[in-house]
Every structure is written in structure tokens, then in C-alpha cells.
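Let me begin by presenting the structure, written as C-alpha cells, before commenting on it.
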Amino acid sequence: MTKLLKTHNYTNLEQFLDNLANDTCHELNTLYSNSNTLNLVLLQNLTELKKYNVDVRSTVIDDFTFLDEQTQIKLYTILLNLYFEILGKEHINNPSISFYLKKIGTNSILKVYLKCTYSSYRSSEFYLSEKIINDLDLQLTVNTKFYSNNGLMCVLIYECFN
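Each residue of the sequence shown is one higher than the one before, counting from 523 in the working numbering.
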């Protein structure tokens, strides 16, 4: 940067600063959410997220506070590992994963969108439900759906309280 400034190469300096700003924003979006446990899992998986150039988004309105931290970490890890497995098997253009956590009435809901192909969705939908239910030993409901118009798998996980 100093060299560009000293040589009055302002066009390349501007490009350098734009790239730096974009990279910084991407890193912050990847590592920051309103959920400490999600942040921890994203940080632990940063190498894989960078390897596959995964765009991570999160909207955390209410956290899964009814789950202890270890269980939340396991849940997020299962979801990320599934996505890394998909990305390792087939090329996905502009891979992305989005986490939405919200409480509606007495229901705590986690909605996760994974950009993938229909074949990867079909091969993982049953596995995902079984893995979450068996590994976490919780009474969670897991539903999956594929949106073919934008190549997104939606995983809906929720706990109902009476």
C-alpha cells in the first residue's frame, strides 16, 4: 500500500483498498452473529469455510437457549459438516449457508439454507434428520425441503413447548 501511495499509483491503491474492505466485511459476516455458540463453531470451521469459499449469513433474533451450549455446538457442527461433505463431493457455484434463529410463541426455530444441487439434497435429507435426532438425543422436529428455483435446501429444526 505504501509503495502504491509513494508511486502515486492511485488506481491500484483504490483497487487494493476496495479488495481489503470487501475481504474484511466477508470475514466479519462469517464470524459474527448474535449467538456465541454459532460464532464459536464458525470460528472452529474457518479453514473449511475458506477452503470452499462459503458465504455465511446469520440472523439470530432469539438463540436456542433451551439447549445447553454443548448441544448447540453439536447441532451447528452437524449442519456444517454435512455441508462440507456436500461441497467435497460436487462443485457448487457460490456456496452459501444461512442460519436464522427465532422464537415464535413457544416454538424455537432454526432455519438453515444450504446452496446445493437436488441430488445432494436427496442424498442428505434422511441422513440429516437421523443424525440430529440420534446424535443429540433430543425431541426436535427436523424437516427438509428443496427449492429448485434457487438451488437451496432448507432445514427447519424446532422444539415445541406446551
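Note that the Cβ used here is the ideal one computed from N, Cα and C, for glycine as well. Values in this document were obtained by computation on a predicted structure and should not be read as measured data.
Asked, Found
"Count the other C-beta atoms from every protein chain shown that fall within 10 angstroms of the C-beta of Phe621, then say buried if there are 16 or more, exposed otherwise.", "buried"
"Can you give me the Cβ contacts of Leu674 inside the same chain, cut-off strictly under 8 Å, excluding the 5 residues immediately before and after it?", "Tyr635, Leu636, Lys637, Cys638 and Phe668"
"Determine the closest residue to Ile583 out of Glu607, Glu570, Leu562 and Ser557, with distance taken between C-alpha atoms.", "Ser557"
"Cutting at 7 Å between CB atoms, please list the residues of its own chain near Lys653, excluding the five before and the five after it.", "Ile600"
"Among Glu591, Ile619 and Phe588, which residue has its Cα nearest to the Cα of Asn603?", "Ile619"
"Considering only the alpha carbon of each residue, which of Leu660, Lys633 and Asn671 lies closest to Lys596?", "Leu660"
"Is it right to say Asn656 is buried, meaning 16 or more other beta carbons lie within 10 angstroms of its own, or is it exposed?", "exposed"
"Quick one, which of Ser645, Ile608, Asn665 and Tyr598 has its alpha-carbon nearest Leu562's?", "Tyr598"
"In whole angstroms, what is the alpha-carbon distance linking Leu568 and Tyr605?", "13 Å"
"With 16 as the cutoff for other CB atoms within 10 Å, does Asn684 come out buried or exposed?", "Per-residue confidence for Asn684 stands at a pLDDT of 46, beneath the threshold of 50, marking its modelled position as unreliable; the derived number appears in the next sentence. Classification of Asn684: exposed, given that the 10 Å Cβ count is below 16."
"Quick check: the Cα distance between Phe588 and Glu681, rounded to an integer number of angstroms?", "9 Å"
"For the beta strand (DSSP E) that contains Asp590, what are its first and last residues?", "Element bounds for Asp590: n/a, residue is neither H nor E."
"Assuming Leu565 and Val578 are in contact, meaning their beta carbons sit under 8 Å apart, how far apart are those beta carbons, in whole angstroms?", "Contact doesn't hold; Cβ gap of about 11 Å is too wide."
"My understanding is that Tyr643 touches Leu609, with C-beta atoms under 8 Å, so please give their C-beta distance in whole angstroms.", "About 13 Å separates the two Cβ atoms, so there is no contact after all."
"Which residues does DSSP pair with Tyr622 in a beta bridge?", "Thr581 and Lys633"
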